[in-house]
Structures are given as structure tokens and as C-alpha cells.
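*Asks:* A single structure is presented below for examination.
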Amino acid sequence: MFKGQNALITGGSRGIGLAIASKLALNGASITLLARNEELLQQSVNQLSTDHNQSHSYRSIDLLSLIKSETDVQNLRKSITPPTILINCAGITTHSLLHQTDQQLISDTINLNLTIAIILSQLFIKDMIRQKKLNPSILNISSILSYTDHVISGTSVYAASKAGLLGFTKSLSHELRDIIRVNALLPGLVKETDMGLKVKSDLEPISLDDVANKAIDILKDKSINGQCIRID
Ligand SMILES: NC(=O)c1ccc[n+]([C@@H]2O[C@H](COP(=O)([O-])OP(=O)(O)OC[C@H]3O[C@@H](n4cnc5c(N)ncnc54)[C@H](OP(=O)(O)O)[C@@H]3O)[C@@H](O)[C@H]2O)c1
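When you line the sequence shown up against my numbering, it's residues 36 to 267, in that order.
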């Protein structure tokens, strides 16, 4: 289904990113994982299926470093295979009331969850346009917390960053219509990940597998563009 596709997945070393990577690999895609922990990246890449004779890779990088350095952004582009699928999944959250939240954490949360998704999309758009025949696609992992009907105290900055992703998704999908599909997935609480484990909420959790399956459905359905799809 994804044979010949190169998928770049930020935050792909564990949790939701790795679950999506595993299913894409099972369906033939070559995967590049980005995250910081090199040992974990190595382990995760080794567990991806190579049944379709594809190869996988990873790059250990603190994505926040890209905020400060245009050179690092261009070096990243040169060091990896241009993707036909970009999944912006790396994310962090806040667990403190706004007036008690450190300013550095506020900017890191907005930067990693939103600005990096924008920077990477911008970085790879031209490469993706060149591979138009392969139906390139960007999938932004947002959250149901981007909707005001789901709120958890202590996550206002996180919610703001994830809501920003929705506006970005809608607008960019219009800009790139008929060339690159741009969608967002809004998972509910996934308790099986490191982030989900730390969330204190009475929300009914959903399974990691269901979230990854939904991502695959969106990526394979060429009629879906500009959609912000919740799964909770
Ligand atoms: N779990 C949930 O309930 C839930 C619900 C809705 C949406 N989401 C969203 O889904 C995405 C994945 O969440 P998850 O639950 O799978 O979280 P997770 O298990 O904590 O995984 C986060 C991933 O992001 C990477 N990452 C964090 N900081 C980074 C940095 N500065 N540079 C590069 N990579 C970085 C982590 O690797 P390193 O630490 O090694 O860098 C890891 O691969 C996030 O965007 C999250 O907001 C999660």
C-alpha cells in the first residue's frame, strides 16, 4: 500500500509516532525516525518490518535546535531521504497552571508542537511537490484538547499549540490542494504512551493501535484533504 513511499516521522522513537511508523513499514514504506534518544531510536528502527525489502533509518536530533539555526535546518534536509509522507508527531505537554508555568516551557511547548511542524513542512514541500505522482501527504498530530469542550487544567499552553496546528493544517491544505494532502489527527487520551501515562484525567482512554490505524486510514485515502479528524 505504501511501497516506494518514504515516511519521515518526528517523535517516532516511541508512543504514537512509533505505532504509526510500525504500521507504515508493515505496508511497505521506508521510514526515517527523528527524536533525541539515540539508543531508543536504534531499538525502534530495528523493530520495523522490512518484509518489503525496504530500509529504514533514524536521525538523533533535538528538534528545538532547529528554531535557532537555519543551518541546522538545511543540514537536516541534506542528511535524510526527502519524504513523500511527513508526520509531525513529536510533542511535549505542560502539567502546571499557567501562572506557575516556566516561560521556557511555554516557548518549548509552542515551538516543538507547532513551530517545528511548520518549519519541517516548509522544508520538505518542494521535495514533495517534485514527487507529486506519489501522492505526498502531511499528517499533523494534534489533540482533542485543541477543542474547548475537552479541557484539562494545566494544559492551556499545550491546547494552544495543538489548536494552532489545526489552523495551519486547514490553511496549508488549501494552499497545496491537488498537490500535497495536509490533514490533522486529534487523538483522545492514549494511556499506553509516556505522555499519556502522566495525564491526570477521567477521559475514557483510547488504544494506541486504534490511533495508529486511523492515521493509516487518513494517509491511504486520497480523497481526504484539509480534515481535522478526532478519534476519542
Ligand atoms: N498520549 C496521548 O494521550 C496523546 C493524545 C493526543 C495527542 N497526543 C500527541 O501525540 C504526539 C505523540 O505523543 P505520545 O503520547 O506518543 O508521546 P511520547 O510517548 O512522550 O513521545 C514523544 C516523542 O517526541 C519525541 N520528542 C520529544 N521532545 C523532542 C525534541 N525536543 N526533539 C525531538 N523529539 C522530541 C520523543 O523522543 P525523545 O524524548 O527521545 O526526543 C518521543 O519520540 C504528541 O504530539 C502528543 O501531543 C498524545
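Ideal Cβ placement from N, Cα and C applies to all residues, glycine included.
Tell me which same chain residues have a C-beta within less than 7 Å of the C-beta of residue 236, skipping the five on either side of it?
*Replies:* Start at 1 with the first residue of the sequence shown, and residue 236 comes out as number 201. Excluding sequence neighbours, residue 236 sits near 187, 224.
*Asks:* Contact defined as beta carbons within less than 8 Å: I believe residue 56 pairs with residue 40. What is the distance between those atoms, to the nearest angstrom?
*Replies:* Translated into positions along the sequence shown, residue 56 becomes position 21. Translated into positions along the sequence shown, residue 40 becomes position 5. Between residue 40 and residue 56 the Cβ distance is about 12 Å, and since that is not below 8 Å, they are no contact.
*Asks:* Measure the C-alpha to C-alpha separation of residue 135 and residue 127 and round it to an integer number of angstroms.
*Replies:* Within the sequence shown, numbered from 1, the residue matching residue 135 stands at position 100. Within the sequence shown, numbered from 1, the residue matching residue 127 stands at position 92. Cα-Cα distance, rounded: 17 Å.
*Asks:* Determine the burial state of residue 214: buried for a count of at least 16 other Cβ atoms within 10 Å of its Cβ, exposed for fewer.
*Replies:* Taking the sequence shown and counting its residues from 1, one reaches residue 214 at position 179. The residue in question, residue 214, is exposed, as its Cβ has fewer than 16 Cβ neighbours within 10 Å.
*Asks:* Which residues bound the alpha helix (DSSP H) around residue 217?
*Replies:* Position 182 of the sequence shown holds residue 217. Counting along the chain, residue 217 falls outside any alpha helix (DSSP H), though it belongs to the beta strand (DSSP E) covering 216-222.
*Asks:* What does DSSP give as the partner residues of residue 265 in its beta bridges?
*Replies:* Position 230 of the sequence shown, counting from 1, holds the residue named residue 265. DSSP output for residue 265 lists 221 as bridge partner(s).
*Asks:* Looking at ligand 1, does it come within less than 7 Å of residue 102, judged from the CB to the closest heavy atom?
*Replies:* Counting from one through the sequence shown, the residue named residue 102 turns up at place 67. Outside the cutoff, so no.
*Asks:* Assign residue 202 to one of two classes, buried (16 or more other C-beta atoms within 10 Å of its C-beta) or exposed (fewer than that).
*Replies:* In the sequence shown, the residue the question calls residue 202 occupies position 167. The residue in question, residue 202, is exposed, as its Cβ has fewer than 16 Cβ neighbours within 10 Å.
*Asks:* When you compare only the Cα positions, how much space is there between residue 97 and residue 242?
*Replies:* Position 62 of the sequence shown holds residue 97. Position 207 of the sequence shown holds residue 242. For residue 97 and residue 242, the distance between alpha carbons rounds to 28 Å.
*Asks:* Out of 205, 62, 107, 67, which one is the CA nearest neighbour of residue 46?
*Replies:* Residue mapping note: residue 46 aligns to position 11 of the sequence shown, counting from 1. The candidate whose alpha carbon is nearest that of residue 46 is 67.
*Asks:* Ordered along the chain, which non-local residues of its own chain (more than five positions away) have a Cβ less than 7 Å from that of residue 167?
*Replies:* On the sequence shown, residue 167 is found 132 positions in, with the first residue counted as 1. 214.
*Asks:* Between the segment 71-84 and the segment 102-111, are three or more C-beta pairs nearer than 8 Å?
*Replies:* no
*Asks:* Which value, in whole angstroms, describes the spacing of the CA atoms of residue 159 and residue 105?
*Replies:* Walking along the sequence shown from the start, residue 159 turns up at place 124. Walking along the sequence shown from the start, residue 105 turns up at place 70. Approximately 14 Å, taken between the alpha carbons.
*Asks:* Could you tell me whether the segment 174-189 touches the segment 113-122, where touching means 3 or more Cβ pairs closer than 8 Å?
*Replies:* yes
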